[in-house]
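Note that this note's numbering has the sequence shown beginning at 5, numbered continuously upward.
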Amino acid sequence: MHQRQVPFFDYAGLYLEHGDEIRQVIESVLSRGAFILQAEVTRFEEQLAGFLGVSHVIGVANCTDGLELILRALELKAGDEVLLPSHTFVATAAAVRMTGAAPVFVEVGPDHMIDPGDLERRITGRSRAIIPVSLNGRVCRMAEVLAVARQSELLVVEDAAQALGATLDGKKAGTFGVAAAFSFYPAKLLGAFGDAGAVVTSDPELGERVRLMRDHGRDAHGQVQFWGRNSRLDNLQAAVLSWKLERLSVAIERRRTLAGIYDEGLHDVAEVVLPPGPKEDERHFDVYQNYEIEAEARDELQSFLKEAGIQAPVQWGGRPVHAWEGLEVGVRLPVTESLFERLLMLPLHERLSDLDVEYVVETIRRFYGRS
Ligand SMILES: *Cc1c(COP(=O)(O)O)cnc(C)c1O
Numbered sequence: 005m006h007q008r009q010v011p012f013f014d015y016a017g018l019y020l021e022h023g024d025e026i027r028q029v030i031e032s033v034l035s036r037g038a039f040i041l042q043a044e045v046t047r048f049e050e051q052l053a054g055f056l057g058v059s060h061v062i063g064v065a066n067c068t069d070g071l072e073l074i075l076r077a078l079e080l081k082a083g084d085e086v087l088l089p090s091h092t093f094v095a096t097a098a099a100v101r102m103t104g105a106a107p108v109f110v111e112v113g114p115d116h117m118i119d120p121g122d123l124e125r126r127i128t129g130r131s132r133a134i135i136p137v138s139l140n141g142r143v144c145r146m147a148e149v150l151a152v153a154r155q156s157e158l159l160v161v162e163d164a165a166q167a168l169g170a171t172l173d174g175k176k177a178g179t180f181g182v183a184a185a186f187s188f189y190p191a192k193l194l195g196a197f198g199d200a201g202a203v204v205t206s207d208p209e210l211g212e213r214v215r216l217m218r219d220h221g222r223d224a225h226g227q228v229q230f231w232g233r234n235s236r237l238d239n240l241q242a243a244v245l246s247w248k249l250e251r252l253s254v255a256i257e258r259r260r261t262l263a264g265i266y267d268e269g270l271h272d273v274a275e276v277v278l279p280p281g282p283k284e285d286e287r288h289f290d291v292y293q294n295y296e297i298e299a300e301a302r303d304e305l306q307s308f309l310k311e312a313g314i315q316a317p318v319q320w321g322g323r324p325v326h327a328w329e330g331l332e333v334g335v336r337l338p339v340t341e342s343l344f345e346r347l348l349m350l351p352l353h354e355r356l357s358d359l360d361v362e363y364v365v366e367t368i369r370r371f372y373g374r375s
């Protein structure tokens, strides 16, 4: 019997569906030889600035570089401490480490994101900045994070890699702090055909520093103003991203529809904790970069799904950042560690059919003995 296969992400699908259009976009760039910092980069930066309502967007090579460039532009240095959740990609913490500053890991709350109470407790005289991470397509508890930051005079730099288009009280992820970085890694909401990212800010001086830093510290006349490096957004990727950004709202609506199917199909299964449904919370508009659940007997469920042709990974290779021995962080975060025994991501991307998601729902219900 043929078994349905539900891959976690479909890397080729979107290209195959729109191949003719996308080949035209690429052909136009290639035939003009427009490879580095050409019109497509500027166009995409302006388009994204319009979408987010920020005044400065700087295309960079990836989100990790974007975070590091922001921290360098803010002159973070050895001895400074930067607070961030441990349920994030290692990149968030690595960006801090690469500046010489020390990442300080904070516990997460029931929403899987930074816990403002624990954040406050970990502030010291060396604290300089907070990097809240809006995970899985939902804005974190930003009002509380900003209040803590104000009280202790800390900078807020957002890791918005997973939250393009998500809002809290009508305000978009990436617009709450002094600056934010977005990722356009292929599996992200807005995915390039390779690596790509952006820094966004409404601070003109900070924006200008990052703009020069991503291109060897050179200004628009090619004059070197300070030390920088090469972290430019590829012009070819920018062209692809512009094409995709135009249809982002369709992609987000599709993700919200699929999240609604999960929500409806699983809300009565007591063994799983679901993320908030798409219409559940008036303050949040979630874009469902991921559909991350908590599940009893997680490992057994994961194997059961795999047997049924369904890929359901645990985020970040299964561990919070502080738990990788090779990073020699040497702290314990009991709340985060115990959460990681229950976390699981269900497949959710715009190329899935309703039937795919219903099949995942049925399989989970079968595992827990529900009809
Ligand atoms: C993907 C991701 C990053 C890194 O993005 P890159 O563009 O691959 O550098 C950083 N933080 C989070 C939360 C991410 O999901």
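Note that the Cβ used here is the ideal one computed from N, Cα and C, for glycine as well. Note that the structure is predicted; figures quoted are calculated from it, not measured.
| query | result |
| --- | --- |
| Would you list, in sequence order, the uninterrupted alpha helix (DSSP H) runs of no fewer than 4 residues that lie entirely inside the segment 27-98? | 43-56 and 67-77 |
| Any idea what DSSP makes of G181, helix, strand or coil? | coil |
| Any chance you could list the alpha helix (DSSP H) runs of at least 4 consecutive residues sitting entirely within the segment 254-311, in chain order? | 302-311 |
| Name the DSSP beta bridge partners of P107, please? | V86 |
| Can you tell me where the beta strand (DSSP E) with R233 in it begins and where it stops? | Premise fails: R233 is in no beta strand (DSSP E) and is neither H nor E. |
| Quick one: what's got a C-beta closer than 7 Å to L34's C-beta in the same chain, skipping five residues either side? | none |
| Would the C-beta of G201 count as close to ligand 1, meaning under 8 Å from any of its heavy atoms? | yes |
| Can you name the start and end residues of the alpha helix (DSSP H) that L249 belongs to? | N239 to L249 |
| Identify every residue that forms a DSSP beta bridge with V137. | D163 |
| Comparing the CB of Y189 with every heavy atom of ligand 1, is any distance shorter than 8 Å? | yes |
| CB of K192 to nearest heavy atom of ligand 1: below 8 Å? | yes |
| Measuring straight from C-alpha to C-alpha, what distance separates D115 and R125? | 19 Å |
| Report the three-state DSSP secondary structure of S357 (helix, strand or coil). | coil |
| Got a sec: does ligand 1 put a non-hydrogen atom nearer than 8 Å to the Cβ of Q315? | no |
| Closest to F12 by CA distance: which of L18, I314, I135 and V228 is it? | I314 |
| I need the boundaries of the beta strand (DSSP E) containing L337, first residue and last residue. | No beta strand (DSSP E) holds L337; DSSP gives it neither H nor E. |
| With 16 as the cutoff for other CB atoms within 10 Å, does I256 come out buried or exposed? | buried |
| Would L52 and A202 be called neighbours here (beta carbons separated by less than 9 Å)? | yes |
| Whole-angstrom Cβ separation of F39 and N239, contact assumed at under 8 Å? | 5 Å |
| Can you pull the DSSP bridge partners for D219? | N234 |
| Relative to the C-alpha of T179, which candidate in L337, V61, G23 and V361 has its C-alpha closest? | V61 |
| Taking the C-alpha atoms as reference points, what is the distance between R145 and W320? | 22 Å |
| For the segment 220-237 against the segment 281-289, do three or more pairs of beta-carbon atoms, one drawn from each stretch, fall closer than 8 Å, so that the two count as touching? | no |
| Among P317, V318, A316 and P338, which residue has its Cα nearest to the Cα of P326? | Per the sequence presented here, residue 326 reads as His, with Pro not at that position. Measuring from the Cα of H326, the nearest candidate turns out to be P338. |
| Considering only C-alpha positions, which residue in the set L356, N294, Y372 and R374 is nearest to E21? | L356 |
| On a Cα-Cα basis, can you pick out the residue from S59, Y19 and R374 that is closest to E275? | R374 |
| Let's see if you can read the secondary structure: which residues bound the alpha helix (DSSP H) around L18? | G17 to E21 |
| If you pair each beta-carbon of the segment 67-84 with each one of the segment 154-166, do three or more pairs fall below 8 Å? | yes |
| Look up F186 in the DSSP assignment and say whether it is helix, strand or coil. | strand |
| Which residues does DSSP pair with S131 in a beta bridge? | E85 |
| Based on DSSP bridge pairs, tell me the residues matched to A200. | BP columns for A200 are empty, so no partner. |
| Quick one: what's K192 bridged to in DSSP? | In DSSP, K192 forms no bridge with anything. |
| Output needed for S156: all residues of its chain with C-beta closer than 6 Å, excluding positions within five of it in sequence on either side, in chain order. | I127 |
| Under DSSP, the alpha helix (DSSP H) around M117 begins and ends at which residues? | Neither: M117 is in no alpha helix (DSSP H) and is coded neither H nor E. |
| Does at least one heavy atom of ligand 1 sit under 8 Å from the Cβ of V137? | yes |
| In three-state DSSP terms, what is L331? | helix |
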